[in-house]
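Comments concern the structure below.
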Amino acid sequence: MLMRVIFPAIVLLAALNPLVFPQWDAFLTIVFAKALPVIGIILLLQAGQVSFGHAMFFAIGAYTAGFVGRWMGGGGELFLLLLAALAASVVAGLFVGIFVVRYRYIFFAMLNLAFSMVLFSLLEKFIHITGGSDGLRISRPTLLGQEMSRANYEFGIYYVSLALLALAIFGAWRLMDSPVGHAMKAIKSNETRVEYLGISPRRTLLVVYVASAALAGVGGALVGVFQGIATPDYAYWTRSGEFVFVAILGGAGQVLGALAGSFSFEFIRVTAAAYLGDTWQLTLGLMLLGIILFAPAGIVGSLVNVGNRWRGRRTREKPSPLGEAKEAVR
Amino acid sequence: MKGKLVLSSLAAAFALAVAQPAMAQDAPENIKIGITTFTSGAASVFGVPAQAAAQMIAEDINAAGGIQGAQVQLFFVDEGAGAEALTTEVRRLVQDEDVDVMMASISSGNCINLTPLMEDLEVLNILWDCGTQRIFEEEESTYNFRTQANATPEMMAALLYLLKTKPDFETIAVVNQDYAWGRDSWELFSAALKKLKPEVEIVAELFPRLGAPDFSAEISRLLATQPDVILSTSWGGDLDTFVQQANQRGLFNNSTFVLPLAESSIQRLGGVLPDGVIVGARGDHYFLHPETKDDEDMKAFVDKFREKTGAYPIYSVFHMAQAFAALQAAYDKAAEANGGDFPDRAQVIAAMEGLEFKGYGRPLTIREDNQALEAQLMGVSRTVEGYDFPIIDDMMIFDAEGIMAPPGENSLEWIGTLDASFIETEASEYKHEE
Amino acid sequence: MSLQILVLAALDGIAYGALVFLVAVGMTLVFGVMRILNVAHGSFYALGAYAAASLGIAMAGMGLSPWLAFPMFIVAAAVVGITVGGLMERFLLQRIYGYEETLQLLVTFAVFMMLENVQRLVWGVQPYFYSDPLRQLGNVNVAGITYTAYQTLFLPLVALAVLFGLRFFLRYTLAGSVIVAVTEDREAATAIGINARRVFFLTFVIGVTLASLGGALASPTTSVLPGMGAEMIVLSFAVAATAGLGQIEGAAIAALLIGLGRSMAVFFAPEFEVVMPYLIMVLVLLIRPEGLFGKTTARKI
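Have a look at this one:
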């Protein structure tokens, strides 16, 4: 139901949106692009692992787009930039992944954090290559070889992001239901048992890790080419925290949660910044607390629960994708 | 289906919140001004006073009947919320709120980020505080104008003051914040130093990170190497911490300090900043500006700002005042060219070219490359009666033309053409008057 | 010359490491006992610094002796620890002890975001500076270089006192033994009548107090400004993880290592100063994922 009816409906609505509310395009493009890394986080959460460092791949994607664009002259070609970002983040994901998939839980989170902070420091340090904290300018690339005005270019990017997001949501949904996806869930509930089945938890985790890195990389590249800049902030730990935040907000049990979370997060951030003055962090923090304490299934999960109850179904979404409450001290 | 319903009703709510009909062009009630400034993060030491100044100036303008009869209405955007939040919000202001003019921004990074956006959105943007010299040197601009100097004259003034007042130093060290401003300012300063006084040895180049809480190791190293001159273009809390720690450990005893941004820290530092430190203010910005301190409007401005914030205005406040002065002058000039009628936006932009205006320092002119010519004030710290912080004494004011790259020329290339005669660049000298 | 530089770098590294240890040890203690990685830990560091700086400035305004600043630091830290830390434990953490680590981490992340904002709302954005205690202790001269006694002697001494105080507390006092018991085996401890909730409360308040004590002690040496907490969190993470989470003595050595690494970098390779703590952390974790002193199973404090 969720993926077969609502998901296509949302994509269709989003595709028609520029005809109705064109002033929304920029906002939604960011929402779509930033939902991509969140999908990656949701995938990792299936195995109970949370990365506090995925901003590193987001930054790698954005900076790769910037460097390749510069190297190609002008701004380069959008699809080549995205491909390059994909390739770079896959390579980086593989490299970092080989190390981090050996660890679990807090150690997994922290090692990711450490890697991303190293990248953050390097981006700030190598100012003559990266532009330091001012960031790297990304000139407007061509779209399928066409030079474009900003309006047309943004129109184009809107649909590119939407298409990539739809593709990613669909792919992640299929992945979660594939043997790899089931192995992921099994890793969370009992890793030893997975090994007895002859499945390598590390390899499974690595596959998903690289996929999540790729999603973050493409998301970063999209934000970069849309904003026209990549800054070291893209790799800072608070951004990694935001990705996890958005995943929980939207509901980490469903891939669609990435979109719902990303939308709500950006919406609150923009409106709070515009109308509540200097309290957007407070608003977001309260919201996160509220979700975790009172609706741990997230926006989508809670809606599914409500929908199920409404239709009298007995099946209930688990309170959290992370499993039932566990003992505090293992 | 609930998901979709909620999404679309949220969508409708948001659309209602942001979409407002555009004002008719010929009968404006308001001139809408979007201002980006830091209200969070370390750079809010500049952003918050400047925001207070903008509100104060807007009140004054409106009380006096507005600009060409139109009341000004301000919209603030926090630069500290990050690059995306900033561009998203700036877009919203331009596209939905339909602001007439943007004033962006403090951070050079944000200026570099926003100027091409402003070109594409075709809205007048006043770069009101950022200092990077690269912007107009690397790309031509139609809609972006800067109403203050850039890094090149700021650094040249500091260097000239040093060479004129302490010509005999042999070694120099630098402690700058590790980001574009810290790196660029040192690049400009050291390039010129090599041309003007090639025998000087650079004994340490230290770039602690932006926001570093501790400079102990840096100070130990400087104490061990004892350079004649220590340059730091740091600002805000970083500069405060550095000066405090350096003072406590006697680093000021043997080295001459050059702190080109210290004017903005001097009130907080108070007695911690010793006498005899070379300080600057990114332009001729000083509440005791020797040429304008007795002007009625200057006195009124300083008093009113003190009343509102409890502090004397610092350079970012003066930069904000200059941006408004330029805007007002541009509207007046455009209205005059329009036969006294309220000008449209294109006419205002046209009026920005070659605009002459005055803030609370020497008069300014916008050059053909959209860059303002702004004089530079340098001096040394001095403790006097009547202030609980050092004032600036032995001032020199340099006119802009002599110390900045001509339009279209790259600053570093221009510095490459300098020779020893540059040290003779003229300056007006002033003493502090009780 | 190079020997002199080594001595100088060592002194700076020790002073810096001492401060970082004071903050990191609270984080590692809380994790050791409660298995919660407190992202808001850095915010308590900032709150402690703000509280100490504003109290200090107020005291200076009243004309009180700067010597009073030293007891004031402890009071300020305890006040932050008991009020903010106590409230957070009582009304927030107690609800989530049953949750998954990730969610606990996110709860503290939410608190971090809120406290960052609250700091700005309460104290504004202008830097605070309160250095009277630093000047009160004067300078010392080592190898011809002037150091502040506050940083080179006082801070390391406080760090040592905290280290040995904690050791003594955990090993030789009843409350400490109870904490250790809960850490080792919560069920068994509860079975013999120990109130685990009260232990958690006590531990968290101690952890937060240590963080804000670190902040209070840092305030005379640095500008107190928005964002100072966010950096400290990562640094504390680095120390705690390098040492092995929950390792108190290990945290002291890791803090020293990171402090020395950083100050050596300033002298010999300034460009690596910023990356140093993270590099050390990554390298250690790659070789020993449980940290230098961590044990793979049954972690102790």
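From first to last, the protein sequence lines stand for chains A, B and C.
Position 17 of the first sequence, counting from 1, maps to 14 under the working numbering, and the rest follow consecutively.
Position 94 of the second sequence, counting from 1, maps to 97 under the working numbering, and the rest follow consecutively.
Position 100 of the third sequence, counting from 1, maps to 213 under the working numbering, and the rest follow consecutively.
Glycine is no exception: its CB is placed at the ideal position from the N, C-alpha and C atoms.
Exercise. Do the segment 210 to 228 of chain A and the segment 83 to 92 of chain A meet, that is, are 3 or more Cβ pairs less than 8 Å apart?
Worked result: With the rule of 3 Cβ pairs closer than 8 Å, the segment 210 to 228 of chain A counts as touching the segment 83 to 92 of chain A.
For this session: Could you name the residues of chain B that residue 23 of chain A contacts, counting a contact when the two beta carbons are closer than 9 Å?
Result: By one-based count along the first sequence, residue 23 of chain A stands at place 26. For a Cβ distance threshold of 9 Å, residue set 90, 91, 94, 95 and 98 of chain B lies close to residue 23 of chain A, ordered along the chain.
Problem set entry | Near-chain B residues of the segment 210 to 235 of chain C - C-beta to any C-beta below 7 Å | Sequence-ordered contacts of the segment 210 to 235 of chain C with chain B read 233 [C-beta pairs closer than 7 Å].
Exercise. If we cut at 8 Å on Cβ distances, does residue 301 of chain C have a partner in chain A?
Worked result: Translated into positions along the third sequence, residue 301 of chain C becomes position 188. Against chain A, the CB of residue 301 of chain C has no partner CB under 8 Å away; the residue lies outside that interface.
For this session: Buried or exposed for residue 28 of chain B, please, with buried defined as at least 16 other CB atoms from any protein chain shown within 10 angstroms of its CB.
Result: As a first step, residue 28 of chain B must be located in the second sequence, where it is residue number 25. Note that residue 28 of chain B scores a pLDDT of 45, beneath 50, so its modelled location is shaky; the value from the coordinates is reported in the next line. Taking every protein chain shown into account, the CB of residue 28 of chain B has fewer than 16 other CB atoms within 10 angstroms, so this residue is exposed.
Exercise. Going along the segment 384 to 411 of chain C in order, which residues come within less than 7 Å of chain A, judged by CB to CB distance?
Worked result: Among the residues of the segment 384 to 411 of chain C, those with a Cβ less than 7 Å away from any Cβ of chain A are 384, 387, 388, 391, 392, 394, 395, 398, 399 and 402, in the order of the chain.
Exercise. How many Å lie between residue 79 of chain B and residue 62 of chain B at the Cα?
Worked result: Here residue 79 of chain B refers to the residue found at position 76 of the second sequence. Here residue 62 of chain B refers to the residue found at position 59 of the second sequence. It is roughly 15 Å from the alpha-carbon of residue 79 of chain B to the alpha-carbon of residue 62 of chain B.
Exercise. Going by other Cβ atoms of all chains shown within 10 Å of its Cβ, with 16 needed for buried, is residue 374 of chain B buried or exposed?
Worked result: Working through the second sequence from its first residue, we reach residue 374 of chain B at position 371. With 16 or more other Cβ atoms within 10 Å, it is buried.
For this session: Kindly provide the ranges of any beta strand (DSSP E) runs that are 3 or more residues long and lie completely inside the segment 222 to 310 of chain B, ordered along the chain.
Result: With a minimum length of 3 residues, the continuous beta strand (DSSP E) runs that stay inside the segment 222 to 310 of chain B are 232 to 234, 259 to 262 and 281 to 283.
For this session: Spatial neighbours of residue 342 of chain B within its chain, please: CB distance less than 7 Å, with the 5 preceding and 5 following residues excluded, ordered by chain position.
Result: Against the second sequence, residue 342 of chain B aligns to sequence position 339. The answer is none, since no qualifying residue turns up.
Exercise. Using a beta-carbon distance cut-off of less than 7 Å, what residues from the segment 106 to 118 of chain B approach chain A?
Worked result: Taking 7 Å as the Cβ-Cβ cut-off, the segment 106 to 118 of chain B approaches chain A at 111, 112, 115 and 116, given in chain order.
For this session: Might you give, ordered along the chain, the residues of its own chain that have their beta carbon closer than 6 Å to the beta carbon of residue 164 of chain C, omitting 5 neighbours on each side?
Result: On the third sequence, position 51 is the one that residue 164 of chain C refers to. Result list for residue 164 of chain C: 189 and 193, in chain order.
For this session: Give a yes or no on whether 8 Å exceeds the smallest Cβ distance from residue 1 of chain A to chain C.
Result: On the first sequence, position 4 is the one that residue 1 of chain A refers to. Not an interface residue.
Exercise. If you drop the 5 nearest sequence neighbours on each side, which residues of the same chain put their C-beta closer than 7 Å to that of residue 89 of chain B?
Worked result: Stepping through the second sequence from its first residue, residue 89 of chain B is reached at position 86. Within the same chain, residue 89 of chain B has close Cβ partners 39, 80, 82 and 113.
For this session: Please work out which residues of its chain come closer than 6 Å, Cβ to Cβ, to residue 209 of chain B, disregarding the five sequence neighbours upstream and downstream, and give them in chain order.
Result: Within the second sequence, numbered from 1, the residue matching residue 209 of chain B stands at position 206. In the same chain as residue 209 of chain B, and ignoring 5 residues on each side of it, the C-beta atoms closer than 6 Å to its own belong to 178 and 221, in chain order.
Exercise. Got a sec, what are the start and stop residues for the beta strand (DSSP E) residue 185 of chain C sits in?
Worked result: Here the question's residue 185 of chain C lines up with position 72 in the third sequence. Bounds of any beta strand (DSSP E) do not take in residue 185 of chain C; it lies within the alpha helix (DSSP H) bounded by 182 to 193.
Problem set entry | Contacts of residue 278 of chain A in chain C (Cβ-Cβ under 8 Å) | As a position in the first sequence, residue 278 of chain A is number 281, starting the count at 1. One finds 226, 227, 229 and 230 in chain C with Cβ atoms closer than 8 Å to the Cβ of residue 278 of chain A, taken in chain order.
Exercise. Using 8 Å as the limit for Cβ to Cβ distance, is residue 127 of chain A near chain C?
Worked result: Locating residue 127 of chain A in the first sequence gives position 130, counting from the first residue. For residue 127 of chain A, the answer is no, since every Cβ of chain C falls outside 8 Å of its Cβ.
Exercise. Start and end of the beta strand (DSSP E) containing residue 291 of chain C?
Worked result: Reading the third sequence from its first residue, position 178 is the one you call residue 291 of chain C. Counting along the chain, residue 291 of chain C falls outside any beta strand (DSSP E), though it belongs to the alpha helix (DSSP H) covering 287 to 297.
For this session: Could you check the C-alpha separation between residue 284 of chain B and residue 132 of chain B for me, to the nearest Å?
Result: Working through the second sequence from its first residue, we reach residue 284 of chain B at position 281. Working through the second sequence from its first residue, we reach residue 132 of chain B at position 129. Spanning the two alpha carbons is a distance of roughly 12 Å.
Exercise. CB residue 307 of chain A to CB residue 113 of chain A, shorter than 8 Å?
Worked result: Position 310 of the first sequence, counted from the start, is the residue given in the question as residue 307 of chain A. Position 116 of the first sequence, counted from the start, is the residue given in the question as residue 113 of chain A. No, Cβ-Cβ distance for residue 307 of chain A and residue 113 of chain A is not below 8 Å.
Problem set entry | Within-8 Å CB hit, residue 438 of chain B to chain A | The first residue shown for chain B is 4 and the last is 437, placing residue 438 of chain B beyond what the model contains.
Exercise. What are the residues that DSSP puts in a beta bridge with residue 149 of chain B?
Worked result: Within the second sequence, residue 149 of chain B is the residue found at index 146, counting from 1. Answer is B/130 and B/374, bridged to residue 149 of chain B.
Problem set entry | Meets three-Cβ-pair contact criterion under 8 Å: the segment 225 to 244 of chain B and the segment 130 to 146 of chain B | No, because fewer than three Cβ pairs between the segment 225 to 244 of chain B and the segment 130 to 146 of chain B fall closer than 8 Å, the two stretches do not touch.
Problem set entry | Sheet register partners of residue 81 of chain B (DSSP bridge) | Here residue 81 of chain B corresponds to residue number 78 of the second sequence, with the count starting at 1. B/40, per the DSSP bridge assignment.
Problem set entry | Expected contact under 8 Å - CB spacing of residue 391 of chain C and residue 28 of chain A to nearest Å | Indexing the third sequence from 1 puts residue 391 of chain C at position 278. Indexing the first sequence from 1 puts residue 28 of chain A at position 31. Not quite, the Cβ-Cβ distance comes to about 31 Å (not below 8 Å), so this is no contact.
Exercise. So, residue 396 of chain B versus residue 383 of chain B, is the Cβ gap smaller than 8 Å?
Worked result: As a position in the second sequence, residue 396 of chain B is number 393, starting the count at 1. As a position in the second sequence, residue 383 of chain B is number 380, starting the count at 1. Against a cut-off of 8 Å, the Cβ pair of residue 383 of chain B and residue 396 of chain B comes out as a contact.
Exercise. Given that residue 281 of chain A touches chain C, what residues does it touch there, using C-beta distances under 7 Å?
Worked result: Translated into positions along the first sequence, residue 281 of chain A becomes position 284. Per Cβ cutoff of 7 Å: 226.
For this session: Give me the Cα-Cα distance between residue 370 of chain C and residue 385 of chain B, rounded to the nearest whole angstrom.
Result: As a position in the third sequence, residue 370 of chain C is number 257, starting the count at 1. As a position in the second sequence, residue 385 of chain B is number 382, starting the count at 1. Just so you know, the alpha carbons of residue 370 of chain C and residue 385 of chain B end up roughly 42 Å apart.
Problem set entry | Extent of the continuous beta strand (DSSP E) run through residue 379 of chain B | The count along the second sequence starts at 1 and reaches residue 379 of chain B at position 376. That run of the beta strand (DSSP E) goes 379 to 385.
Exercise. I think residue 213 of chain B touches residue 187 of chain B, with their Cβ atoms under 8 Å apart; what is that distance to the nearest whole Å?
Worked result: In the second sequence, the residue the question calls residue 213 of chain B occupies position 210. In the second sequence, the residue the question calls residue 187 of chain B occupies position 184. About 14 Å separates the two Cβ atoms, so there is no contact after all.
For this session: Give the DSSP-derived three-state secondary structure of residue 368 of chain B in the structure shown.
Result: Residue mapping note: residue 368 of chain B aligns to position 365 of the second sequence, counting from 1. In this structure, residue 368 of chain B counts as strand in the three-state DSSP scheme.
Exercise. In the structure shown, what three-state DSSP assignment does residue 178 of chain B receive?
Worked result: Here residue 178 of chain B refers to the residue found at position 175 of the second sequence. Strand, per DSSP.
Problem set entry | Chain-ordered chain C contacts of residue 221 of chain B [CB-CB under 7 Å] | For this step, residue 221 of chain B is matched to residue 218 along the second sequence. Chain C residues near residue 221 of chain B: 379.
For this session: State yes or no: is the beta carbon of residue 343 of chain C nearer than 8 Å to at least one beta carbon in chain A?
Result: The residue given as residue 343 of chain C occupies position 230 in the third sequence. Output row for residue 343 of chain C: interface = yes.
Problem set entry | Euclidean distance between Cα positions of residue 336 of chain C and residue 272 of chain B | As a working note, residue 336 of chain C is residue 223 in the third sequence. As a working note, residue 272 of chain B is residue 269 in the second sequence. Spanning the two alpha carbons is a distance of roughly 11 Å.
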